[in-house]
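Engineer:
Protein chains: 2
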Amino acid sequence: MNTTDEIEISQSEWETMRVIWTLNGASSKQIIAILAEKLGWKASTTKTYLGRLVKKGALSTTKNGREYVYQPLIEEQVAMNNATSGLFDHLCQHKVGPTLTTLINNVELSQSDIEELINELNQKAKTAPEMVKCNCLPDGCDENCEMEEMK
Amino acid sequence: MNTTDEIEISQSEWETMRVIWTLNGASSKQIIAILAEKLGWKASTTKTYLGRLVKKGALSTTKNGREYVYQPLIEEQVAMNNATSGLFDHLCQHKVGPTLTTLINNVELSQSDIEELINELNQKAKTAPEMVKCNCLPDGCDENCEMEEMK
DNA sequence: TCCTTTCGTTTACAAATGTAATTTATACTT
DNA sequence: AAGTATAAATTACATTTGTAAACGAAAGGA
Numbered sequence: 015m016n017t018t019d020e021i022e023i024s025q026s027e028w029e030t031m032r033v034i035w036t037l038n039g040a041s042s043k044q045i046i047a048i049l050a051e052k053l054g055w056k057a058s059t060t061k062t063y064l065g066r067l068v069k070k071g072a073l074s075t076t077k078n079g080r081e082y083v084y085q086p087l088i089e090e091q092v093a094m095n096n097a098t099s100g101l102f103d104h105l106c107q108h109k110v111g112p113t114l115t116t117l118i119n120n121v122e123l124s125q126s127d128i129e130e131l132i133n134e135l136n137q138k139a140k141t142a143p144e145m146v147k148c149n150c151l152p153d154g155c156d157e158n159c160e161m162e163e164m165k
Numbered sequence: 015m016n017t018t019d020e021i022e023i024s025q026s027e028w029e030t031m032r033v034i035w036t037l038n039g040a041s042s043k044q045i046i047a048i049l050a051e052k053l054g055w056k057a058s059t060t061k062t063y064l065g066r067l068v069k070k071g072a073l074s075t076t077k078n079g080r081e082y083v084y085q086p087l088i089e090e091q092v093a094m095n096n097a098t099s100g101l102f103d104h105l106c107q108h109k110v111g112p113t114l115t116t117l118i119n120n121v122e123l124s125q126s127d128i129e130e131l132i133n134e135l136n137q138k139a140k141t142a143p144e145m146v147k148c149n150c151l152p153d154g155c156d157e158n159c160e161m162e163e164m165k
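Protein chains in written order, with our numbering: chain A, 15 to 165; chain B, 15 to 165.
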């Protein structure tokens, strides 16, 4: 089993990780200042999350003179992929398509992002089934889903 | 004005909602049986979630003779959209594209889902920027990313 | 009517989370 | 060296979540 996906990161911890990932490692002072400005967190609050993330193995910390520097131990893209997969595993497979459509409609994407996505989709189309069954019930819900099919 | 997005649904509660959504309303007996089979939950456990969901306003319950029937008070698609937005709001905007690519690679999509998505993407391409800035830091990270000085 | 089955409700309880003050160890200043 | 500023660690505490047993009310069978 991969150890990376074992690490659960809460919402607040995500916000903490984001600044460290973005700065590619940072001192507590920097992190505290940024989160105070961005989200209004008290220094103590940020320190708590920092401590928890170190304990969880998501961050490493090294003392550099008086400063403590935090480095990510997990990659942002990997963590993001785990988080999204984790969420989508709890959603009705049958409705993932429409959900993605809405999602894509709501996020910002660059030209190259879009190009990449379309590529991926064209690839996927080659072997995609005519229909995806929902997996909300133990046996599948073919009949039930069909009924809701008209929208 | 929409009350729907106020409701927070935990992972376990999601699993509970899924069966009710899929069955388009169900009796506690059914729900308990299904979740016992699918996830090995004890009857008490399912009852707890049912109770919490009713209190949260995600479900309504009506006594029908000896049976209690639970009906969803929020739409599955709406809830799914809220959940995904909620997650993506905590992710680096700059990396949303690659994350979506991986996600799409990992989920099952039907031919029509794919068609729909490609449509949406083509639409989006018309006004998409060349590049998406990350919003992990208060000011955006274009400059900050390289900024390791200052103390 | 009395008992037993069956629900929903109440209570339980540990772990995780959000949020932060207090304490302790330590490096810097005088 | 003593005092001060500072950073991490410890402690705090209410909520939420996962998981479930126990309790009380109601309905159906005897």
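Beta carbons are placed, not taken as given, at the ideal position from N, Cα and C, and that holds for glycine.
Helix, strand or coil for MET42 of chain B, going by three-state DSSP, please let me know.
Structural biologist: As a first step, residue 42 of chain B must be located in the second sequence, where it is residue number 28. It is worth fixing the name first, because residue 42 of chain B is Ser in this sequence and not Met. SER42 of chain B: helix per DSSP, three-state reduction.
Engineer: Would you grab the beta carbon distance between LEU7 of chain B and VAL121 of chain A for me? Rounded to a whole angstrom, and I think it's under 8 Å.
Structural biologist: Since the first residue of chain B shown is 15 and the last is 165, residue 7 of chain B is not available in this structure.
Engineer: Using the beta-carbon of each residue, which ones in chain B are nearer than 9 Å to THR115 of chain A?
Structural biologist: For the purposes of this step, residue 115 of chain A is taken as residue 101 along the first sequence, with counting starting at 1. Neighbours of THR115 of chain A on chain B, chain order: ASP127, GLU130, LEU131, ASN133 and GLU134.
Engineer: At which residue ranges does the stretch 101-133 of chain B contain complete alpha helix (DSSP H) runs of 4 or more residues, listed in the order of the chain?
Structural biologist: Whole alpha helix (DSSP H) segments, 4+ residues: 110-120.
Engineer: Assuming GLN44 of chain B and LEU37 of chain B make a contact with CB atoms under 8 Å, what is their CB distance in whole Å?
Structural biologist: Counted from its first residue, the second sequence places residue 44 of chain B at position 30. Counted from its first residue, the second sequence places residue 37 of chain B at position 23. GLN44 of chain B to LEU37 of chain B, Cβ: 7 Å. Contact.
Engineer: Quick one: grab the DSSP three-state call for VAL146 of chain A.
Structural biologist: On the first sequence, position 132 is the one that residue 146 of chain A refers to. Coil.
Engineer: By Cβ distance below 6 Å, which residues in the same chain neighbour THR75 of chain B in space, the five residues on each side in sequence not counted?
Structural biologist: Locating residue 75 of chain B in the second sequence gives position 61, counting from the first residue. Once the five neighbours on either side are set aside, the close Cβ partners of THR75 of chain B are VAL68, TYR82 and TYR84.
Engineer: Residues of chain B with CB under 7 Å from TRP28 of chain A, in chain order?
Structural biologist: Here residue 28 of chain A corresponds to residue number 14 of the first sequence, with the count starting at 1. Those within 7 Å of TRP28 of chain A in chain B are HIS104.
Engineer: Can you find a C-beta in chain B that's less than 7 Å from the C-beta of ILE48 of chain A?
Structural biologist: Within the first sequence, the letter at position 34 stands for residue 48 of chain A. Closer than 7 Å: yes.
Engineer: Am I right that LYS61 of chain A and SER41 of chain A are in contact with their C-beta atoms under 8 Å? What's the rounded C-beta distance?
Structural biologist: For the purposes of this step, residue 61 of chain A is taken as residue 47 along the first sequence, with counting starting at 1. For the purposes of this step, residue 41 of chain A is taken as residue 27 along the first sequence, with counting starting at 1. The pair is not a contact, with the Cβ atoms about 12 Å apart (cut-off 8 Å).
Engineer: What does LYS138 of chain A touch in chain B if you count any residue whose Cβ is under 8 Å from its own?
Structural biologist: Taking the first residue of the first sequence as position 1, residue 138 of chain A is located at position 124. Those within 8 Å of LYS138 of chain A in chain B are ILE118, ASN119, LEU123 and ILE128.
Engineer: Under 7 Å between beta-carbons, which chain B residues line up against ALA142 of chain A? List them in chain order, please.
Structural biologist: Against the first sequence, residue 142 of chain A aligns to sequence position 128. Under the 7 Å cutoff, chain B gives LEU123, SER124, GLN125 and ILE128.
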